[in-house]
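Number of protein chains: 2
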Amino acid sequence: MQMSQKVESFVYHFGEMGSKWGFNRTVGQIYALLVVSDKPLHANDISEALNISRGNVSMSIKELQSWQLININHIPKDRKEYYSPKGSIWDMANRVFEERRKREIDPTLSLLRDLQLDSPADESEAFAQDKMREIHDLLETITQWSAELQRLDPAKLNTLMKLGAGVSKILSIKDQFKKSKVDHKNE
Amino acid sequence: MQMSQKVESFVYHFGEMGSKWGFNRTVGQIYALLVVSDKPLHANDISEALNISRGNVSMSIKELQSWQLININHIPKDRKEYYSPKGSIWDMANRVFEERRKREIDPTLSLLRDLQLDSPADESEAFAQDKMREIHDLLETITQWSAELQRLDPAKLNTLMKLGAGVSKILSIKDQFKKSKVDHKNE
DNA sequence: ATAAACTTTCAATAATTTCTGAAAGTTCAT
DNA sequence: ATGAACTTTCAGAAATTATTGAAAGTTTAT
Numbered sequence: 002m003q004m005s006q007k008v009e010s011f012v013y014h015f016g017e018m019g020s021k022w023g024f025n026r027t028v029g030q031i032y033a034l035l036v037v038s039d040k041p042l043h044a045n046d047i048s049e050a051l052n053i054s055r056g057n058v059s060m061s062i063k064e065l066q067s068w069q070l071i072n073i074n075h076i077p078k079d080r081k082e083y084y085s086p087k088g089s090i091w092d093m094a095n096r097v098f099e100e101r102r103k104r105e106i107d108p109t110l111s112l113l114r115d116l117q118l119d120s121p122a123d124e125s126e127a128f129a130q131d132k133m134r135e136i137h138d139l140l141e142t143i144t145q146w147s148a149e150l151q152r153l154d155p156a157k158l159n160t161l162m163k164l165g166a167g168v169s170k171i172l173s174i175k176d177q178f179k180k181s182k183v184d185h186k187n188e
Numbered sequence: 002m003q004m005s006q007k008v009e010s011f012v013y014h015f016g017e018m019g020s021k022w023g024f025n026r027t028v029g030q031i032y033a034l035l036v037v038s039d040k041p042l043h044a045n046d047i048s049e050a051l052n053i054s055r056g057n058v059s060m061s062i063k064e065l066q067s068w069q070l071i072n073i074n075h076i077p078k079d080r081k082e083y084y085s086p087k088g089s090i091w092d093m094a095n096r097v098f099e100e101r102r103k104r105e106i107d108p109t110l111s112l113l114r115d116l117q118l119d120s121p122a123d124e125s126e127a128f129a130q131d132k133m134r135e136i137h138d139l140l141e142t143i144t145q146w147s148a149e150l151q152r153l154d155p156a157k158l159n160t161l162m163k164l165g166a167g168v169s170k171i172l173s174i175k176d177q178f179k180k181s182k183v184d185h186k187n188e
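Chains as they are written, first to last, in my numbering: chain A, 2 to 188; chain B, 2 to 188.
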């Protein structure tokens, strides 16, 4: 399998970035390749296109499955497994956020909760525990927000953004709304 | 310098997690230590508390500076540099988001823009380019949203969350508001 | 100008992560 | 039950990333 110049740039770039997004280079490349392919690919296609060993493809596919990022398809009369990306691009982003949250935020939240449990032994420990609580609260807020954002469908989100209406604008609309209700009462 | 048991757990955990958040173990540990310390620390304090070489402390401090996460303080009559975390916990989170955006999203956006420039050579390239555009749009939306969120002060954000009002709730308020304006007209 | 008290640099080394490929495992048709 | 066509596993090799510590650099006081 030959990649076009464009696809190649994309795939390699995604490989480099992928490692910053929580999975390794190969996993990133494979996923990128699957996303821009107009048909599902089998392991040998992938191994050949990306010049990586068959074993590596197998491991990476497994990793992608653990992130729930791919589907496995079968073609009648063909014993091979064909892989394709699961869901929309928006779904992908959600999965990645979700998975990262599980791996990176949840354990921290749970540790911080534990460390709050018993009371500080002295002044400096009180200070430390206070900071830990701050971080805990922040992480919890972030977690809640991201859950909210995931609940929104992307079309709605996009329309809002395109209108130039950011969160602050929405918040001010909320204020106006409250105000407007008060005005009603005062009429 | 001796760390209390609690601080030690926190610092080591932060070290492990740090590596997932874009900086390495040592950098994470140092930052965590500075955050929970009630006074600024100098390089030897850090080196001793964390059992890492003096050189490593120097490199890591430099890294933290590049993330704009620490302040350098001086104490009269003392030649040493004393380090402390810069800004609030919320500021820290913003810095980390911001820095990661620069390193992880911006380069991708710029590549994807470039790849859109010339028109597809064939059908399959058209498909690929279309997917790339989708990803581009998504990343742009995320970037805009995160910019908006950063503009909000944390207190406001927190109050909103505590009220149980997520984004979707706010959006529905927005709808009600629009509706209410229409009602006015029809009155 | 010197020396003391620091910080920074960087080549060598250590630790960690990723990748390969041969061998073992699985599934299916006959 | 066998073998063909696949996939998975995993020990060792390769690549990458982090750390040390000695030497060089900087700053300040005298």
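Positions of the beta carbon are idealized from the N, C-alpha and C atoms, including for glycine.
If you look at B:ILE136, you'll find it isn't in any beta strand (DSSP E); it sits in the alpha helix (DSSP H) that goes 124 to 152. Taking a C-beta distance under 9 Å as the contact criterion, B:ARG96 and B:GLN69 qualify as a contact pair. Following the DSSP letters along the chain, one finds B:GLU105 in no beta strand (DSSP E), marked with neither H nor E.
At least one C-beta of chain B is nearer than 9 Å to the C-beta of A:LEU139. Taken through DSSP and simplified to helix, strand or coil, B:ILE73 comes out as strand.
Cβ contact annotation for A:MET2 (same chain, cutoff 7 Å, sequence separation greater than five): ASP46, GLU49 and ALA50, in chain order.
Residues of chain A with a Cβ closer than 8 Å to the Cβ of B:ALA122 are, in chain order, SER5. Boundaries of the beta strand (DSSP E) around A:SER85: 82 to 86. Residue-level contact by beta carbon holds for A:LYS132 and chain B, with a gap shorter than 9 Å. The stretch 105 to 119 of chain B makes no contact with the stretch 150 to 160 of chain A, as fewer than three CB pairs between them are under 8 Å. Just measuring C-alpha positions, the residue of B:LYS132, B:GLN30, B:GLN145 and B:GLY88 sitting nearest B:VAL58 is B:GLN30. When Cβ-Cβ separations below 9 Å define contact, A:ILE143 makes contact with chain B. For A:LYS7, the enclosing alpha helix (DSSP H) begins and ends at 6 to 19. Looking at A:TYR83, A:LYS63, A:ASN72 and A:ARG102, the one whose alpha-carbon comes closest to that of A:GLN151 is A:ARG102.
In chain B, no part has a C-beta under 8 Å from the C-beta of A:ALA156; the shortest such distance is about 11 Å. Comparing C-alpha distances from B:MET133 to each of B:ILE53, B:GLN145 and B:GLN117 shows the shortest one belongs to B:GLN117. If you draw a straight line from the Cα of A:VAL8 to the Cα of A:LEU35, it is about 11 Å long.
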